[in-house]
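**Student:** Just passing along the structure, written as C-alpha cells.
Below is the structure:
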C-alpha cells in the first residue's frame, strides 16, 4: 500500500547534517531572502542559498541584464552584491533571526578570496554550509573559469576546506560548460567537498533583431529555466553514476536547473540529486518552493516511496 503524502519522510542530507526537507533556493534568485520572506516562511525551506557574496560590494554589469528566450531566461547580472562586511553585519543576522538554514554562496577572483570569505563564516549563527561559486573567472589564470579546470577547482576546494570549520559543509557549484563535468566533480570531492551543487547556468546569447545588437549589455549571459533542465538532469545522472561506479566518493548533490514543478524536482532526484533548488521559477511564482514541495510529496507517495532518500538515484537501478 502506498503511503499517504503527509506520511512521506522528506528529510534530506546536507553534508553531515539532516535537513527537514530537500527544497532550497538557487543562488542569485532569492537575494538574501528579504523579498522571498513575504511569500515563504524561510524556516520552512530546507535551506536558502544566498546571492553570491564577494569580498567587496559590486554593482554588477550594465543594463540590459536580462533577456527572455522561448524556454528560459538569459542573465548577465555580474554577481551584484553587498560584500562580505554588509552581509555579516546586516543580512546574515536577519536571516538567522528567522530561523533560516543558510547556504552562503561565495566567489572570488583569486583562490585566496574564496578561502578568506569562507573562513569569515565560521561560527556564524544560521550558516548551514558554504557554496563555492567556481563558475566565475580566475583573474590569476588569464580569466579562465575556476570550474573549467579540474586542477584549479581542486585547489579552490582544498584551500577553503583547510580554513573552514569541519562541521560546516562545503559545496562546490559546477558549471555545465566543461568537457567533462565528472572530472571536475571528482576533483572537488578529492579536495574535500562535502557536496556538489549542480548546475550553474549555461552560457548563452540572444540578439535583438530590431536593434541588430546583442540583447544583453554583457553580450553573453547564463541560461536558466526549463531549457536548462535536460542538461542538469544529464549532469546529475553522470556524476551520480560515477559515484555508484566507485570513480569518486559519494557525496550529496544539490540539483538545480529549470525546476518549476514537483515533477521537475522528482526527475532530478531520480537522476541522483539529494536535494533540489528552485531558481528562475521564483521570479514569476515566489511561493514556488512550498508548492513544489507539496507536489513532490504527492508524487513520491503515488510511486510508493515512504522516504525521499529512497528515490535518490532510483533511475540508476538495474544499470549497476
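Numbering (the UniProt record's numbering), first residue to last: 1 to 320.
We put the beta carbon where it would ideally sit given N, CA and C, even for glycine.
This one's a predicted model, so the numbers in the text were calculated from it and none came from an experiment.
Three-state secondary structure (DSSP) at residue 216?
**Tutor:** Three-state result, residue 216: coil.
**Student:** What residue from 276, 113, 192 and 230 has the CA that sits closest to residue 170's CA?
**Tutor:** The option with the nearest alpha carbon to residue 170 is 192.
**Student:** Which residue spans inside the stretch 253-320 form an unbroken alpha helix (DSSP H) run of at least 4?
**Tutor:** Within the stretch 253-320, the complete alpha helix (DSSP H) runs of at least 4 residues are 262-271, 288-302 and 308-311.
**Student:** Look at the alpha carbon of residue 111 and the alpha carbon of residue 2, and state the distance between them as a whole number of angstroms.
**Tutor:** Taking the straight line from one Cα to the other gives about 49 Å.
**Student:** Should residue 207 go down as buried or exposed, given a rule of 16 or more other Cβ atoms within 10 Å for buried?
**Tutor:** That one is exposed.
**Student:** Taking Cβ positions, are residue 260 and residue 277 nearer each other than 7 Å?
**Tutor:** Their beta carbons are not under 7 Å apart, which means residue 260 does not touch residue 277 by this criterion.
**Student:** Determine the DSSP secondary structure at residue 67, reduced to helix, strand or coil.
**Tutor:** In the structure shown, residue 67 sits in a strand (DSSP, three-state: E or B).
**Student:** By the 10 Å Cβ neighbour count, where 16 or more other Cβ atoms means buried, how is residue 222 classified, buried or exposed?
**Tutor:** Flag for residue 222 reads buried.
**Student:** With a Cβ-Cβ cutoff of 7 Å, do residue 252 and residue 195 count as a contact?
**Tutor:** A contact, by the Cβ cut-off of 7 Å.
**Student:** Do you know offhand how far residue 307's Cα is from residue 168's?
**Tutor:** Each residue's alpha carbon lies about 25 Å from the other.
**Student:** In terms of residue numbering, what span does the beta strand (DSSP E) encompassing residue 211 cover?
**Tutor:** That residue, residue 211, is in no beta strand (DSSP E); it is neither H nor E in DSSP.
**Student:** Under the three-state reduction of DSSP, which class applies to residue 105: helix, strand or coil?
**Tutor:** Strand at residue 105.
**Student:** Quick check for students: name the residue ranges of the beta strand (DSSP E) that lie wholly in the stretch 145-228, counting only runs of 3 or more.
**Tutor:** Listed in chain order, the complete beta strand (DSSP E) runs (minimum 3 residues) inside the stretch 145-228 are 170-174, 195-198, 202-205 and 220-224.
**Student:** What residues in its chain sit with their C-beta under 7 Å from that of residue 290, if we drop five residues either side in the sequence?
**Tutor:** Hits under 7 Å: 40 and 44.
**Student:** With a threshold of 16 other CB atoms inside 10 Å of the CB of residue 35, please say whether the residue is buried or exposed.
**Tutor:** Exposed: under 16 other Cβ atoms inside 10 Å.
**Student:** Determine, using beta-carbon pairs with one atom in the stretch 64-82 and one in the stretch 300-316, whether at least three such pairs fall under 8 Å.
**Tutor:** No, because fewer than three Cβ pairs between the stretch 64-82 and the stretch 300-316 fall closer than 8 Å, the two stretches do not touch.
**Student:** Which whole runs of the alpha helix (DSSP H) in the stretch 115-139 are 4 residues long or more, in chain order?
**Tutor:** Segments of the alpha helix (DSSP H) lying fully in the stretch 115-139: there are none.
**Student:** Would you decide whether residue 4 is buried or exposed? Buried here means 16 or more other CB atoms lie within 10 Å of its CB.
**Tutor:** Result: exposed.
**Student:** Rounded to the nearest angstrom, what separates residue 183 and residue 275 at their Cα positions?
**Tutor:** About 21 Å.
**Student:** Residue 202 and residue 237 look like a contact to me (Cβ under 8 Å); what is the Cβ gap, rounded to whole Å?
**Tutor:** That belief does not hold up - the Cβ atoms of residue 202 and residue 237 are roughly 16 Å apart, past 8 Å.
**Student:** Using three-state DSSP, classify residue 89 as helix, strand or coil.
**Tutor:** Note: residue 89 maps to helix in three-state DSSP.
**Student:** Is the beta carbon of residue 27 sitting closer than 7 Å to the one on residue 105?
**Tutor:** For residue 27 and residue 105, yes; Cβs fall inside 7 Å.
**Student:** Cα separation between residue 37 and residue 8?
**Tutor:** When rounded, the distance between both Cα atoms is 26 Å.
**Student:** Sorted by chain position, which residues of the same chain lie with C-beta nearer than 6 Å to residue 29's C-beta, five sequence neighbours on each side aside?
**Tutor:** Answer for residue 29: 279 and 282, listed in chain order.
**Student:** Just verifying my parser: in three-state terms, what is the DSSP assignment at residue 98?
**Tutor:** Three-state DSSP puts residue 98 in coil, outside helix and strand.
**Student:** Would you be able to state if there are at least three C-beta pairs under 8 Å between the stretch 75-92 and the stretch 228-248?
**Tutor:** No, the stretch 228-248 is not in contact with the stretch 75-92.
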